Amino acid sequence: MTLFKRALQFSLLACWSGLLVMTAPAAHAQSTAASDEVFQGMGGKPGIEKIVQIFLPIVLADDRIKDSFKDTDMERLGTLLAEQFCHLGGGPCKYSGKDMKTAHEDFIITNAQFNALAEDLQLAMEEYGVPSRIQNKLIAKLAPMQREVVTK
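Shown next, in the form of structure tokens:
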């Protein structure tokens, strides 16, 4: 390899390395911003807690599903939902509950009931003023749980 080619390769490598070093913080910031977009879009922890406060009474008033929650510790459920929404939204929270399959294995839950709960969550988010785009992103993160939650 000629001295010129080696110098050219070294220069290109140096430029490429410099470019990576210069763009890495921006890429990390963009990744972080994208990863907590749902969390931020819901108003952070205070917003999520308020959404859950709006959500649970809607659930308890919904004739399609209210009977499923008659023996539920709603305060504990509210805490777990807030943790879960925060975690799924990219926030700093850790979900402390059981996995979805274990948490719901003793219940008879249909697709219709799962969908009713999702509809009620969207109503709560709308009432709080969460943009539709953010609502859809959270629902999309919750949707795969349907396979673990629905038992009938």
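Counting with mature numbering (1 follows the signal peptide of the UniProt record, and there is no 0), you get residues -29 to -1, 1 to 123 for the letters of the sequence shown.
The beta-carbon is built from N, C-alpha and C at its ideal position, and this holds for glycine as well.
Computed from a predicted structure; not experimentally measured.
{"Query": "Three CB pairs or more closer than 8 Å across the stretch 18 to 28 and the stretch 44 to 55", "Result": "yes"}
{"Query": "C-beta atoms of Gly60 and Met116 nearer than 8 Å", "Result": "no"}
{"Query": "Alpha helix (DSSP H) runs contained entirely in the stretch 22 to 79, provided each spans 4 or more residues", "Result": "45 to 59 and 71 to 75"}
{"Query": "Cβ pair Ala83, Arg118 closer than 8 Å", "Result": "no"}
{"Query": "Inter-residue Cα distance where the pair is Ile80 and Ile29", "Result": "18 Å"}
{"Query": "Tyr99 versus Lys112: straight-line alpha-carbon distance, rounded", "Result": "19 Å"}
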